[in-house]
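Undergrad:
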Amino acid sequence: MKIINLNTINAVAPDRIAAGEEAAQKAHQLLASGNGKGADFLGWLHLPSSITADFLKDIRNTAAALRSSCEVVVVIGIGGSYLGAKAILEALSGSFDQISGVKPLVLFAGHNISEDYLSELSNFLSGKQFGLINISKSGTTTEPALAFRILKKQLEAATGKTEAAKRIVAVTDAARGALRTLADKEGYKTYVIPDNVGGRFSVLTPVGLLPLAVAGIDIEKLVAGAADMERITDVSANYLDNPAIIYAVARNELYRQGKKIEILANFNPKLHYIAEWWKQLYGESEGKEHKGLFTASVDFTTDLHSMGQWIQQGERSIFETVISVESPKYHLEVPADAEDLDGLNYLAGKRVDFVNKMAEKGTQMAHVDGGVPNIRIEIPELSEYYLGGLFYFFERACGISGYILGVNPFDQPGVEAYKKNMFALLGKPAK
Ligand code: PA5
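Okay, here's the thing in structure tokens:
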């Protein structure tokens with residue numbers, strides 16, 4: 033089966049997809065030629081095919097050292113320096129791994145400024161062998177810097193400075209930023225986030241690869257899936273055979289028709305953080321110049337019992353993009369019951385996934401009937417290879433989509449506004 037199967041038939045009429053070809057091909061050419069806005073940040077475009085086996089081996093060796101010395105590894109980062117690894121980890125881990133004693137346990141910090149979160153994490157780490165992966169491209173972001181300062185001190189107090197330095201890895205800019213200065217001074221192992229890869233496009237750099245390798249994820253397969261998708265979505269691909277360009281065209285067409293919100297829906301809770309990653313990717317890339325789809329997400333069938341009402345009958349300013357996973361990892365059938373008091377015997381012998389798939393079908397029909405266009409993205413299974421392909425697909429489509437919209441998809445000037453106010457309120461000294 034294909035890495036992904038994209039179906040836009042319930043969202044945009046084929047003649048509108050055809051009508052969008054010229055503008056979309058122009059946008060894609062702009063991306064591929066490096067002549068568009070923000071072209072200094074296109075390092076992700078050919079990243080999968082340029083990653084070498086030696087590079088992955090080096091990452092695996094660093095991960096193996098952390099795995100052997102640590103019961104817990106805390107990954108510190110925010111935004112693009114956190115969400116990709118978190119998303120893939122959640123999708124590929126067991127739902128109860130965190131409480132079933134998997135080692136090393138990979139936890140995250142630096143993605144909030146909660147005193148409670150940091151205190152509870154610090155208490156949890158107390159008495160445990162732990163290590164830190166500190167990720168910040170700029171090396172100056174407040175949230176991860178704060179978490180790192182606290183956890184580094186705890187680690188040094190527990191193990192001494194020399195051992196602590198062996199258990200800390202920094203992923204940051206090659207030359208600039210406070211984290212680079214600190215890492216060089218303390219002698220931490222470091223990895224570089226390439227200058228030309230922005231945070232939200234950095235999952236296939238050490239930003240995502242190192243934490244995932246620590247968690248035991250097969251990073252070779254992840255990269256292989258992304259590299260295959262890089263080929264499939266190349267600018268030379270036939271228009272209708274290129275899922276990235278068609279997705280970009282469909283969502284821009286719906287936006288022009290007045291649909292202002294794109295809801296990414298899933299029917300498997302393991303995909304929850306993939307939606308968080310996707311929201312950042314598209315929200316931060318396109319939400320500027322008072323334009324851009326608002327990106328939202330729901331977990332079905334859970335949210336059919338909450339936001340399902342709004343989606344079915346609320347304001348008609350939305351469309352849905354559903355990620356559907358064809359085969360679950362396990363096989364579980366509904367058992368028969370002699371008394372059948374719950375009335376479920378009509379499902380006896382059927383797989384739980386069959387019930388879920390019928391819920392998916394029924395929901396799609398109801399939402400389309402209710403005026404919610406539906407884009408469908410199918411992947412065969414949750415595995416490294418297919419997720420690598422899915423993530424690259426979304427990145428490439430995002431670049432094309434941003435250029436169709438006419439914005440620079442690779443900057444995020446709006447993120448500075450809250451920081452400016454926060455620093456003034458905190459009395460941060462001017463440099
Ligand atoms: O996509 C982006 O550029 C942002 O989300 C950043 O990843 C985020 O702000 C974290 O920045 P940094 O890695 O510099 O700490």
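33 is the number of the first residue of the sequence shown in my numbering; add one for each residue after it.
Yeah, the Cβ is synthetic: ideal placement off N, Cα and C, and Gly gets one too.
Note that the coordinates shown come from a computational prediction; the quantities given were computed from them, not determined experimentally.
Let me know the secondary structure DSSP gives Lys34 once reduced to three states.
TA: Position 2 of the sequence shown, counting from 1, holds the residue named residue 34. In the structure shown, Lys34 sits in coil (DSSP, three-state: anything other than H, G, I, E or B).
Undergrad: Please find out if some non-hydrogen atom of ligand 1 comes closer than 8 Å to the beta-carbon of Gly248.
TA: Here residue 248 refers to the residue found at position 216 when the sequence shown is read from its first residue. Incorrect: Gly248 has no Cβ contact closer than 8 Å to ligand 1.
Undergrad: Figure out for me which residue from Gly346, Asn298, Lys382 has the closest Cα to the Cα of Glu358.
TA: What you label residue 358 is simply residue 326 of the sequence shown in a count that begins at 1. Closest by alpha carbon: Asn298.
Undergrad: Give a yes or no on whether 9 Å exceeds the smallest Cβ distance from Ile91 to chain B.
TA: The chain labelled as chain B is not found in the depicted structure, where only one protein chain is given.
Undergrad: Starting from Lys221, trace the beta strand (DSSP E) both ways and give me its first and last residue.
TA: As a position in the sequence shown, residue 221 is number 189, starting the count at 1. Segment 221-224, the beta strand (DSSP E) holding Lys221.
Undergrad: For the beta strand (DSSP E) that contains Gly394, what are its first and last residues?
TA: Taking the sequence shown and counting its residues from 1, the one referred to as residue 394 is at position 362. From DSSP, Gly394 is part of no beta strand (DSSP E) but of the alpha helix (DSSP H) over 384-401.
Undergrad: Assuming Leu242 and Ile165 make a contact with CB atoms under 8 Å, what is their CB distance in whole Å?
TA: Here residue 242 is taken as the residue at index 210 of the sequence shown, counted from 1. Here residue 165 is taken as the residue at index 133 of the sequence shown, counted from 1. Between Ile165 and Leu242 the Cβ distance is about 6 Å, and since that is below 8 Å, they are a contact.
Undergrad: Name the DSSP bridge partner or partners of Val30?
TA: No statement about residue 30 is possible, as the shown extent of the chain runs from 33 to 463 and does not include it.
Undergrad: On a Cα-Cα basis, can you pick out the residue from Ala59, Gly75, Asp216 that is closest to Gly68?
TA: Here residue 68 corresponds to residue number 36 of the sequence shown, with the count starting at 1. Nearest C-alpha to Gly68: Ala59.
Undergrad: So, helix, strand or coil for Val267, using DSSP?
TA: In the sequence shown, counting from the first residue as 1, residue 267 sits at position 235. Val267: coil per DSSP, three-state reduction.
Undergrad: Once you ignore the five residues that flank Arg208 on each side, which residues in its own chain have a CB closer than 7 Å to its CB?
TA: Walking along the sequence shown from the start, residue 208 turns up at place 176. The residues are Gly171.
Undergrad: Among the residues of its own chain, which have a CB less than 8 Å from the CB of Glu318, if the five just before and after it don't count?
TA: Here residue 318 refers to the residue found at position 286 of the sequence shown. Within the same chain, Glu318 has close Cβ partners Gly324, Leu325, Cys430, Ser433, Gly434, Leu437, Val439, Pro441.
Undergrad: Since Ser113 contacts Pro176 with CB under 8 Å, what's their CB separation in whole angstroms?
TA: Position 81 of the sequence shown, counted from the start, is the residue given in the question as residue 113. Position 144 of the sequence shown, counted from the start, is the residue given in the question as residue 176. About 7 Å separates the two Cβ atoms, so the contact holds.
Undergrad: Rank Val104, Ala56, Leu379, Val447 by C-alpha distance to the C-alpha of Glu316 and give the top, closest one.
TA: The residue you call residue 316 lines up with position 284 of the sequence shown. The candidate whose alpha carbon is nearest that of Glu316 is Val447.
Undergrad: Considering just the uninterrupted stretch of the alpha helix (DSSP H) at Gly431, what are its terminal residues?
TA: Indexing the sequence shown from 1 puts residue 431 at position 399. Here the alpha helix (DSSP H) through Gly431 covers 416-437.
Undergrad: Between Phe180, Glu371, Phe73, which lies nearest to Asp227 when the distance is taken from Cα to Cα?
TA: In the sequence shown, the residue the question calls residue 227 occupies position 195. When only C-alpha atoms are compared, the closest one is Phe73.
Undergrad: Would Ile407 and Ala282 be called neighbours here (beta carbons separated by less than 9 Å)?
TA: Looking up residue 407 in the sequence shown gives position 375. Looking up residue 282 in the sequence shown gives position 250. Closer than 9 Å, so yes.
Undergrad: Please tell me whether Leu376 and Ile249 are closer than 9 Å, where the distance is taken between their beta carbons.
TA: As a position in the sequence shown, residue 376 is number 344, starting the count at 1. As a position in the sequence shown, residue 249 is number 217, starting the count at 1. Against a cut-off of 9 Å, the Cβ pair of Ile249 and Leu376 comes out as no contact.
Undergrad: Comparing alpha-carbon positions, which option in Ala206, Ala462, Asp260 lies nearest Tyr418?
TA: On the sequence shown, residue 418 is found 386 positions in, with the first residue counted as 1. The residue with the shortest Cα to Cα distance from Tyr418 is Asp260.
Undergrad: Is Gly257 helix, strand or coil by DSSP?
TA: Walking along the sequence shown from the start, residue 257 turns up at place 225. If DSSP states are grouped into helix, strand and coil, Gly257 belongs with the helices.
Undergrad: Kindly examine ligand 1 and report whether one of its heavy atoms sits closer than 8 Å to the Cβ of Gln444.
TA: Residue numbering aside, residue 444 sits at position 412 when the sequence shown is read from its first letter. Result yes, Cβ under 8 Å from ligand 1.
Undergrad: Does the Cβ of Lys118 lie closer than 8 Å to at least one heavy atom of ligand 1?
TA: For this step, residue 118 is matched to residue 86 along the sequence shown. Outside the cutoff, so no.
Undergrad: Return the residue from the list Ala179, Phe423, Glu285 that minimises the CA-CA distance to Gly257.
TA: Within the sequence shown, the letter at position 225 stands for residue 257. Comparing Cα-Cα distances from Gly257 to each of Ala179, Phe423, Glu285, the minimum goes to Phe423.
Undergrad: Taking C-beta to C-beta, are Ala17 and Thr222 nearer than 9 Å?
TA: Not covered by the structure: residue 17. The range shown for the chain is 33 to 463.
Undergrad: Identify, in the order they occur along the chain, each residue of the same chain with its Cβ nearer than 6 Å to the Cβ of Ala462, setting aside the five sequence neighbours on each side.
TA: Working through the sequence shown from its first residue, we reach residue 462 at position 430. Nothing listed; no residue qualifies.
Undergrad: Could you check whether the segment 398-414 touches the segment 351-365, counting it as contact only if at least three pairs of C-beta atoms, one from each stretch, sit closer than 8 Å?
TA: yes
Undergrad: In terms of DSSP beta bridges, what is Asp331 paired with?
TA: To locate residue 331, count along the sequence shown from 1; it is residue 299. Partner(s): Asn298.
Undergrad: Is Gln289 buried or exposed, if buried means 16 or more other CB atoms sit within 10 Å of its CB?
TA: Residue 289 sits at position 257 when you count from the first residue of the sequence shown. Classification for Gln289: exposed.
Undergrad: At a threshold of 8 Å, does Val447 count as lining ligand 1 (C-beta to nearest heavy atom)?
TA: Position 415 of the sequence shown, counting from 1, holds the residue named residue 447. Yes, the Cβ of Val447 comes within 8 Å of a heavy atom of ligand 1.
Undergrad: In whole angstroms, what is the alpha-carbon distance linking Thr191 and Gly219?
TA: For the purposes of this step, residue 191 is taken as the residue at position 159 of the sequence shown. For the purposes of this step, residue 219 is taken as the residue at position 187 of the sequence shown. Each residue's alpha carbon lies about 16 Å from the other.
Undergrad: Pick helix, strand or coil for Gly163, following the three-state DSSP scheme.
TA: Taking the sequence shown and counting its residues from 1, the one referred to as residue 163 is at position 131. Looking at Gly163 - three-state DSSP - the assignment turns out to be strand.
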